[in-house]
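K.L.:
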Amino acid sequence: MRCARNPRYSLRAFARYLKLDHSTLSQLLRGRRRFTARTVERIGARLSLTPAVITQYVELERTSPESWAARELRQLSRDASRSLAEWHHPAILELTRLTSFRPDVRWIARVLDVSVDEVNVAVTRLARMGLLDMQSRTTWIDKAGNAEARIDGESVHAVSAFAGRARAIAGSSGGRPAHYSATTVAVASLTSQRIAERVAQFRREIGEMLESMDAERDHVYRLELAFFPVADLTPTES
Amino acid sequence: MGQPVVQFQILARNPDALTAFYAALLGWRVNADNAMGYRTVDTGSDRGINGGVWPIGPTEGHPLVQLFVEVDDVAASVAKVEQLGGRIVIPPQALPDGDRLAIVLDTEGLSLGLMQRSG
Numbered sequence: 034m035r036c037a038r039n040p041r042y043s044l045r046a047f048a049r050y051l052k053l054d055h056s057t058l059s060q061l062l063r064g065r066r067r068f069t070a071r072t073v074e075r076i077g078a079r080l081s082l083t084p085a086v087i088t089q090y091v092e093l094e095r096t097s098p099e100s101w102a103a104r105e106l107r108q109l110s111r112d113a114s115r116s117l118a119e120w121h122h123p124a125i126l127e128l129t130r131l132t133s134f135r136p137d138v139r140w141i142a143r144v145l146d147v148s149v150d151e152v153n154v155a156v157t158r159l160a161r162m163g164l165l166d167m168q169s170r171t172t173w174i175d176k177a178g179n180a181e182a183r184i185d186g187e188s189v190h191a192v193s194a195f196a197g198r199a200r201a202i203a204g205s206s207g208g209r210p211a212h213y214s215a216t217t218v219a220v221a222s223l224t225s226q227r228i229a230e231r232v233a234q235f236r237r238e239i240g241e242m243l244e245s246m247d248a249e250r251d252h253v254y255r256l257e258l259a260f261f262p263v264a265d266l267t268p269t270e271s
Numbered sequence: 003m004g005q006p007v008v009q010f011q012i013l014a015r016n017p018d019a020l021t022a023f024y025a026a027l028l029g030w031r032v033n034a035d036n037a038m039g040y041r042t043v044d045t046g047s048d049r050g051i052n053g054g055v056w057p058i059g060p061t062e063g064h065p066l067v068q069l070f071v072e073v074d075d076v077a078a079s080v081a082k083v084e085q086l087g088g089r090i091v092i093p094p095q096a097l098p099d100g101d102r103l104a105i106v107l108d109t110e111g112l113s114l115g116l117m118q119r120s121g
């Protein structure tokens with residue numbers, strides 16, 4: 034299976050994640066607009082850069098018209114955008130947690146059913162972002178930990194890619210336990226926040242349960258939890 | 003001993019088309035039968051250096067040629083990079099063949115590979 038690409042969608046979702054206007058982000062990524070100190074600070078915070086690093090970027094951007102800071106921030110932004118949008122990036126990180134993991138790109142490509150080049154591009158991005166550490170010839174470390182990848186409710190692109198992957202392997206899953214259900218319900222606005230909090234709490238509990246278990250990990254599963262409005266009921270002017 | 007340039011690397015959006023181009027033009031031989039699926043390039047000569055081709059994504063920078071320099075201690079070399087005004091792009095990583103590699107930018111912003119051979 035190949036992950037269908039829609040850069041425009043990814044850009045819009047990533048702009049929302051960064052809390053930037055999408056046309057502003059587009060101009061920044063194309064180098065047609067300079068990063069202001071405020072923009073650097075905002076992007077840096079959303080990309081979880083440390084305050085010291087953000088300050089360094091701000092200073093570099095202030096002192097040099099064509100600084101590396103801008104170029105590096107653009108590259109980091111692109112890396113983050115692709116990593117959030119393309120399902121095989123987190124899948125590669127999760128594979129490293131398996132006892133059966135092989136630090137062999139050909140093996141990774143085979144088990145994920147993507148090309149060797151796609152794995153190598155992803156591995157480069159993940160290493161550049163500090164999310165993957167190829168520590169030794171036999172050990173790769175997922176440095177992202179159990180961090181929650183979230184784009185403010187906009188991950189339909191990645192979710193649909195995962196669902197396609199799940200369908201593709203369903204015939205050969207050998208009866209491994211799996212559960213999938215979805216429902217669409219009407220809710221009172223007042224309760225939607227409570228439900229969202231319960232969903233987030235449930236995800237944290239599953240993560241904590243996994244971290245507390247000593248058993249060797251020998252497979253990769255995808256747990257999807259989504260709760261989002263599907264109807265735009267904003268009153269319109271007549 | 004020194005710290006010599008040991009390899010060139012081409013970053014390519016379409017590695018297969020690129021290697022086919024150089025095979026047809028110069029007779030360079032490409033072999034990707036290794037754990038990284040890395041396209042090694044053999045120029046077929048005892049002179050000069052051999053190279054490799056690495057894929058880049060559609061949104062990443064632009065195709066370019068990098069030089070790889072063999073260093074005695076890649077961690078020590080990387081530690082010096084920022085002191086000297088360069089930048090670290092990818093910190094030292096252990097490749098499946100045991101070599102260690104870091105990618106840095108020099109003071110002109112040019113990308114450079116620092117490689118420490120295993121054993």
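Chains as they are written, first to last, in the numbering used here: chain A, 34 to 271; chain B, 3 to 121.
Even for Gly, the Cβ is constructed at its ideal location relative to N, Cα and C.
1) Let me know the beta strand (DSSP E) ranges lying completely inside the segment 12-61 of chain B, each 3 residues or longer, listed in chain order.
2) Closest Cβ-Cβ distance between residue 96 of chain B and chain A: below 8 Å?
3) Please name the residue, chosen from B/106, B/115, B/9 and B/98, that lies closest to residue 51 of chain B on a Cα-to-Cα basis.
4) Quickly, what does DSSP pair residue 117 of chain B with across the bridge? List them, please.
5) Looking at the secondary structure, which residues open and close the alpha helix (DSSP H) in which residue 140 of chain A lies?
6) Can you say whether residue 153 of chain A is buried or exposed, counting buried as having 16 or more other CB atoms within 10 angstroms of its CB?
7) Report yes if the C-beta distance between residue 92 of chain B and residue 83 of chain B is below 8 Å; otherwise report no.
8) Decide yes or no for the touch test of the segment 30-44 of chain B against the segment 103-112 of chain B: beta carbon pairs closer than 8 Å, at least 3 of them.
9) Less than 8 Å between the C-beta atoms of residue 6 of chain B and residue 71 of chain B, yes or no?
10) If we ignore side chains and look at the alpha-carbon of each, how far apart do residue 102 of chain B and residue 66 of chain B end up?
11) Once the 5 residues before and after residue 173 of chain A are set aside, which same chain residues still bring their CB inside 8 Å of it?
12) Cβ of residue 100 of chain B within 8 Å of Cβ of residue 87 of chain B?
13) Tell me where the alpha helix (DSSP H) around residue 351 of chain A begins and ends.
14) Is the Cβ of residue 160 of chain A closer than 8 Å to any Cβ of chain B?
15) In the DSSP assignment, the alpha helix (DSSP H) including residue 95 of chain B goes from what residue to what residue?
16) Would you call the CB atoms of residue 39 of chain B and residue 139 of chain A closer than 8 Å?
17) Label residue 228 of chain A either buried or exposed according to how many other C-beta atoms from any shown protein chain fall within 10 Å of its C-beta, with 16 as the threshold for buried.
18) My output table needs one value for residue 68 of chain A: the three-state DSSP class, helix, strand or coil.
19) Is residue 9 of chain B helix, strand or coil when you go by DSSP?
20) Which of helix, strand or coil does DSSP assign to residue 165 of chain A?
21) Run through chain B and tell me which residues come within less than 8 Å of residue 139 of chain A, C-beta to C-beta.
22) Go to residue 173 of chain A, then tell me how far its beta strand (DSSP E) extends in each direction, as first and last residue.
23) So which residues on chain A does residue 57 of chain B lean against when the C-beta distance must stay under 7 Å?
24) Counting only Cβ pairs nearer than 7 Å, list the residues of chain A close to residue 91 of chain B.
25) Pair every Cβ in the segment 68-76 of chain A with every Cβ in the segment 48-55 of chain A, then say whether three or more of these pairs are closer than 8 Å.
26) Just how far apart, CA to CA, sit residue 32 of chain A and residue 241 of chain A?
27) List the endpoints of the continuous alpha helix (DSSP H) containing residue 248 of chain A.
P.N.:
According to the data block:
1) Secondary structure remark: continuous beta strand (DSSP E) runs of at least 3 residues inside the segment 12-61 of chain B, in chain order: 31-33, 41-44 and 52-57.
2) Walking along the second sequence from the start, residue 96 of chain B turns up at place 94. Residue 96 of chain B counts as touching chain A.
3) Translated into positions along the second sequence, residue 51 of chain B becomes position 49. Residue B/9 is the option with its Cα nearest to residue 51 of chain B.
4) As a working note, residue 117 of chain B is residue 115 in the second sequence. Residue 117 of chain B pairs with B/72 and B/103.
5) Here residue 140 of chain A refers to the residue found at position 107 of the first sequence. Residue 140 of chain A -> alpha helix (DSSP H) spans 138-145.
6) Here residue 153 of chain A is taken as the residue at index 120 of the first sequence, counted from 1. Buried, since its Cβ has 16 or more Cβ neighbours within 10 Å.
7) To locate residue 92 of chain B, count along the second sequence from 1; it is residue 90. To locate residue 83 of chain B, count along the second sequence from 1; it is residue 81. It is not a contact, given that the beta carbons lie outside the stated cut-off.
8) Counting Cβ pairs under 8 Å, fewer than three are found: no touch.
9) Locating residue 6 of chain B in the second sequence gives position 4, where the first residue counts as 1. Locating residue 71 of chain B in the second sequence gives position 69, where the first residue counts as 1. Closer than 8 Å, so yes.
10) By one-based count along the second sequence, residue 102 of chain B stands at place 100. By one-based count along the second sequence, residue 66 of chain B stands at place 64. Between residue 102 of chain B and residue 66 of chain B, the C-alpha separation is close to 21 Å.
11) Numbered from its first residue, the first sequence carries residue 173 of chain A at position 140. Closer than 8 Å at the Cβ level, and outside the excluded window around residue 173 of chain A, lie 129, 134, 136, 165, 166 and 167.
12) As a working note, residue 100 of chain B is residue 98 in the second sequence. As a working note, residue 87 of chain B is residue 85 in the second sequence. For residue 100 of chain B and residue 87 of chain B, no; Cβs fall outside 8 Å.
13) Residue 351 of chain A is absent from the model: chain A starts at 34 and stops at 271.
14) Working through the first sequence from its first residue, we reach residue 160 of chain A at position 127. Output row for residue 160 of chain A: interface = yes.
15) Position 93 of the second sequence, counted from the first residue, corresponds to residue 95 of chain B. Taken as a continuous stretch (DSSP letters only), residue 95 of chain B belongs to no alpha helix (DSSP H), being part of the beta strand (DSSP E) at 89-96.
16) Sequence index remark: in the second sequence, residue 39 of chain B carries index 37 (1-based). Sequence index remark: in the first sequence, residue 139 of chain A carries index 106 (1-based). The Cβ atoms of residue 39 of chain B and residue 139 of chain A sit closer than 8 Å to each other.
17) Here residue 228 of chain A is taken as the residue at index 195 of the first sequence, counted from 1. Flag for residue 228 of chain A reads exposed.
18) Taking the first residue of the first sequence as position 1, residue 68 of chain A is located at position 35. In this structure, residue 68 of chain A counts as coil in the three-state DSSP scheme.
19) One-based indexing of the second sequence puts residue 9 of chain B at position 7. Note: residue 9 of chain B maps to strand in three-state DSSP.
20) By one-based count along the first sequence, residue 165 of chain A stands at place 132. Here DSSP, grouped into helix, strand and coil, assigns residue 165 of chain A to strand.
21) Here residue 139 of chain A refers to the residue found at position 106 when the first sequence is read from its first residue. Under the 8 Å cutoff, chain B gives 37 and 39.
22) Translated into positions along the first sequence, residue 173 of chain A becomes position 140. Here the beta strand (DSSP E) through residue 173 of chain A covers 173-175.
23) To locate residue 57 of chain B, count along the second sequence from 1; it is residue 55. Chain A residues near residue 57 of chain B: 150, 153 and 154.
24) One-based indexing of the second sequence puts residue 91 of chain B at position 89. Correct list: 161.
25) Contact between the segment 68-76 of chain A and the segment 48-55 of chain A is present, with at least three C-beta pairs closer than 8 Å.
26) No statement about residue 32 of chain A is possible, as the shown extent of chain A runs from 34 to 271 and does not include it.
27) Within the first sequence, numbered from 1, the residue matching residue 248 of chain A stands at position 215. From DSSP, residue 248 of chain A is part of no alpha helix (DSSP H); its letter is neither H nor E.
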